[in-house]
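Residue numbers (the working numbering), protein chains in the order written: chain A, 250 to 643; chain B, 250 to 643. Each residue gets a CB set at the ideal place from its N, CA and C atoms; glycine is no exception. Quick notes on the structure that follows.
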């Protein structure tokens with residue numbers, strides 16, 4: 250089954266308990282949706298109604314939810330206790346309610362860590378911080394769960410591998426459906442719908458979808474032709490034309506986990522310039538990957554790629570670091586970035602995606618999700634990478 | 250044109266300046282993506298890389314972005330200044346960088362308001378609060394922009410009306426495509442794709458999409474059959490069957506604005522019980538709507554509907570308040586909730602959506618987006634509401 254089991258959740262909670270105990274904390278408050286999913290298996294859509302999890306040093310997990318999520322949480326979460334407040338903003342503000350409950354639970358005056366001091370200001374939320382509504386000795390301990398999440402368990406790796414398969418399938422459909430004259434939406438929506446439906450039919454109840462309209466997705470996000478120059482472009486309803494550079498993105502959500510697959514494609518025969526930057530991008534990737542193995546610092550992988558950009562005289566085309574951790578969140582720690590001094594460890598899943606951005610021409614970026622192994626790495630996303638395999642006949 | 254103009258943004262900034270001046274503030278820091286869009290017109294996908302806007306008491310708007318968003322922001326935003334940091338986490342943490350820039354800009358020791366103290370902890374973000382990196386007299390002033398956003402301008406209302414049309418179109422396709430035996434995904438993905446492509450072709454560059462895969466969307470989000478009992482269900486790849494109650498949701502993003510349209514549908518002839526709760530839901534809606542007019546408190550609209558549930562003996566089927574403001578965010582202030590004492594004013598756009606949730610049977614909820622007018626309200630979403638129009642022949 251492609252599901253996170255109760256025993257998996259219990260192992261995670263036990264490790265968190267030992268981390269908070271060693272820090273001298275009596276409790277840990279979590280308001281990041283991914284952290285809450287990590288310790289309770291409850292998947293929800295964040296709104297202005299705060300949802301939080303609290304873990305005490307005995308390993309008891311309490312989930313705070315609005316009334317309208319109470320039975321949903323009872324059905325799907327593994328929390329030991331589920332406590333609900335009536336509504337947001339309500340006659341008693343939810344954060345005041347949560348502070349009061351923690352007081353009842355005996356945490357006034359205790360040492361309490363948090364990942365967010367209150368609530369993350371989603372939608373129209375407005376309200377006090379947790380530290381405004383409970384007198385305790387608070388500290389910012391966002392790295393407790395982060396440091397566990399960066400190394401994946403066997404189950405998590407299995408979910409990432411399953412995600413990668415469906416991301417590849419969605420991407421294959423995307424590539425098959427590209428044609429000059431098509432709107433980016435036509436290509437990406439039909440490919441994504443078809444892949445999602447196939448996923449639902451093939452996997453059935455052996456996995457859990459995530460989100461309101463979850464499944465597999467492959468798209469361009471506006472990175473079509475010269476507009477692919479913007480690394481985080483949005484959909485612009487672009488019309489695909491012969492000569493365009495396309496930068497894609499594909500993923501699939503499998504019980505909360507998603508791998509990332511991105512490719513650069515060229516519509517019609519590439520120009521010499523397009524071929525040049527495409528090959529430099531492949532070279533930057535190769536350099537990044539050959540540096541991935543346990544013990545290497547994340548920062549050093551970024552440094553060797555930065556050096557490559559400078560040596561080849563394309564530093565003005567650099568826009569972002571080499572990659573990021575990925576799992577329950579699409580971008581998570583660790584970061585292959587000069588500012589992240591952590592060492593790579595077996596079990597980490599990270600993206601490798603150096604990009605070259607050429608004004609008036611476009612972006613050149615592949616992204617693969619890799620698993621750090623005992624002696625190097627393994628690609629979790631498998632999809633053709635060479636220019637000849639990524640030329641769209643037109 | 251269905252776009253937010255520079256002069257519209259300037260009017261908003263001028264009103265914010267007068268609000269912060271009257272509160273004795275020298276500057277306002279905004280990290281909520283919707284608030285940033287409101288004052289700069291910059292639409293972006295929030296990641297671990299912080300993005301923030303700062304408005305000084307002279308009306309100058311500075312946008313802080315990561316390098317990879319710099320030219321994207323130059324192209325699409327109306328901010329007066331755009332300042333970029335290199336990367337997250339980077340050799341200098343982005344929040345430390347922003348604090349330093351605000352110091353250079355002269356805000357050390359000044360009175361600065363914020364909507365979020367730092368950054369909203371999106372994805373793998375970890376870092377200090379704004380109040381940790383700049384010595385200033387800080388206060389939580391999230392209501393400054395909120396209080397402007399709750400009353401819509403003419404342009405905003407026009408965008409909401411356009412959204413409502415496409416939401417209706419997507420919903421019509423959804424209703425047409427429902428059939429017993431179909432996966433919820435098949436129905437919703439094809440309807441959403443078709444409506445989005447029609448929207449792109451009909452409107453072209455007269456509007457801006459929003460988000461990576463934006464457009465129109467109509468779906469069930471798992472609210473199929475007995476699972477429609479969960480008000481905030483997620484997609485469960487449900488198979489639609491004769492006798493099911495279905496609760497839908499449709500919207501379309503038009504230059505950042507979206508209306509909400511939801512309907513309860515019955516597959517095949519309804520049972521007496523289904524008909525009973527459907528009609529009670531219509532009655533709760535009618536009571537809510539007849540109370541909507543300028544001067545009425547938001548809380549009172551919720552109270553009359555709560556009273557109806559109690560009088561009819563269905564309080565155990567109550568799960569949430571009557572509705573919420575809607576515009577740049579799908580849920581925003583004001584809330585038709587006992588905890589919101591604000592008065593309704595002309596120009597507010599809010600949803601009316603009392604719901605009845607019956608265990609083992611399902612949910613009964615329509616949602617319409619309405620505009621408060623001088624003498625009452627006007628429905629912005631227009632779609633059949635009666636049971637006979639919402640029975641799926643099967």
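Practice item. Along the beta strand (DSSP E) that carries residue 607(B), what are the first and last residues, could you check? Key: For residue 607(B), the uninterrupted beta strand (DSSP E) segment begins and ends at 604-607.
Exercise for review: Report yes or no: do the stretch 285-304 of chain A and the stretch 583-596 of chain A share at least 3 C-beta pairs separated by less than 8 Å?
Suggested key: No: the two stretches stay apart, fewer than three of their Cβ pairs being nearer than 8 Å.
**Study point:** Residues near residue 380(B) by beta carbon distance below 7 Å, same chain, minus five either side
**Key:** Here the set comprises 366 and 387.
Review point. Does the distance from the C-beta atom of residue 510(B) to that of residue 425(B) stay below 8 Å?
Key: no
Check your understanding: Which whole runs of the beta strand (DSSP E) in the stretch 513-544 of chain B are 3 residues long or more, in chain order?
Key -> You should have 513-516.
Practice item. Within its chain, find whatever has a CB closer than 7 Å to the CB of residue 348(B); leave out the 5 residues flanking it on each side and keep chain order. Key: 379, 382 and 383
Check your understanding: What residues in its chain sit with their C-beta under 6 Å from that of residue 644(B), if we drop five residues either side in the sequence?
Key -> The structure shown does not extend to residue 644(B), since chain B spans only 250 to 643, so no value can be given for it.
Review point. Could you give the uninterrupted runs of the alpha helix (DSSP H) lying entirely in the stretch 300-364 of chain A, keeping only those of 4 residues or more?
Key: 316-325 and 343-353
**Study point:** Contact set for residue 336(B): own chain, Cβ-Cβ below 7 Å, skip 5 residues either direction
**Key:** 315 and 316
Review point. If we count the other Cβ atoms within 10 Å of its Cβ and call it buried at 16 or more, is residue 403(A) buried or exposed?
Key: Per the 10 Å Cβ criterion, exposed.
Exercise for review: Give a yes or no on whether 8 Å exceeds the smallest Cβ distance from residue 570(B) to chain A.
Suggested key: By this cut-off, residue 570(B) is an interface position.
Review point. So with Cβ pairs under 8 Å, would you call residue 446(A) a contact of chain C?
Key: Looking for chain C here will not work: the only protein chains present are A and B.
**Study point:** Whether residue 277(B) touches residue 291(B) by CB criterion (8 Å)
**Key:** Cβ atoms of residue 277(B) and residue 291(B): not closer than 8 Å.
Exercise for review: Taking a Cβ distance cut-off of 7 Å, strictly less, list which residues of the stretch 379-411 of chain A are near chain B, in chain order.
Suggested key: 391, 392 and 395
Point to revise | 8 Å Cβ cutoff, residue 418(A) in contact with chain B | key: No, because no Cβ of chain B sits closer than 8 Å to the Cβ of residue 418(A).
Exercise for review: Just the C-alpha distance for residue 408(A) and residue 503(A), rounded to the nearest angstrom, thanks.
Suggested key: 6 Å
Practice item. To the nearest angstrom, report how far apart residue 361(A) and residue 260(A) are at their CA atoms. Key: 21 Å
Point to revise | Closest residue to residue 569(B) among 481(B), 519(B) and 542(B) (Cα-Cα distance) | key: 481(B)
**Study point:** Contact list for residue 297(B) against chain A, beta-carbon separation under 9 Å
**Key:** Those are 573, 578, 580, 581, 582 and 584, listed as they occur along chain A.
Exercise for review: Can you have a look at residue 624(B) and say buried or exposed, based on whether 16 or more other CB atoms are within 10 angstroms of its CB?
Suggested key: exposed
Review point. Apart from the five residues on each side of it in sequence, which residues of its chain come closer than 8 Å, Cβ to Cβ, to residue 544(A)?
Key: 592 and 593
Review point. Taking C-alpha atoms, which residue in 523(B), 620(B), 521(B) and 302(B) lies nearest to residue 368(B)?
Key: 302(B)
Exercise for review: Would you kindly report the start and end of the unbroken alpha helix (DSSP H) that includes residue 551(A)?
Suggested key: 547-560
Practice item. Could you please tell me which residues of the stretch 261-295 of chain B, in chain order, have their CB closer than 9 Å to any CB of chain A? Key: For the stretch 261-295 of chain B, which is checked against every Cβ of chain A, the residues closer than 9 Å are 280, 281, 283, 292, 293 and 294.
Practice item. Spell out whether any CB of chain B is found under 8 Å from the CB atom of residue 549(A). Key: no
Point to revise | the stretch 465-481 of chain A touching the stretch 432-449 of chain A, judged by at least three CB pairs closer than 8 Å | key: yes
Check your understanding: What distance in whole Å lies between the Cβ atoms of residue 400(A) and residue 596(A), which are believed to be in contact at a cut-off of 8 Å?
Key -> Right, their Cβ atoms sit about 4 Å apart.
Practice item. Kindly identify the DSSP beta-bridge partner or partners of residue 366(A). Key: Bridge partners of residue 366(A): none, in fact.
Practice item. Please say whether residue 444(A) and residue 418(A) have beta carbons closer to each other than 8 Å? Key: yes
**Study point:** Whole-angstrom distance between residue 500(B) and residue 541(B), CA atom to CA atom
**Key:** 22 Å
Practice item. Measure the alpha-carbon distance for residue 484(A) versus residue 465(B) and round it to whole angstroms. Key: 13 Å
**Study point:** Start-to-end residues for the beta strand (DSSP E) that takes in residue 295(B)
**Key:** Where residue 295(B) is concerned, there is no enclosing beta strand (DSSP E), given that its DSSP letter is neither H nor E.
Check your understanding: Alpha carbon to alpha carbon, what distance is there between residue 284(A) and residue 406(A)?
Key -> Rounded to the nearest angstrom, the two C-alpha atoms are 17 Å apart.
**Study point:** For residue 617(A), the first and last residue of its enclosing beta strand (DSSP E)
**Key:** Counting along the chain, the beta strand (DSSP E) containing residue 617(A) begins and ends at 617-622.
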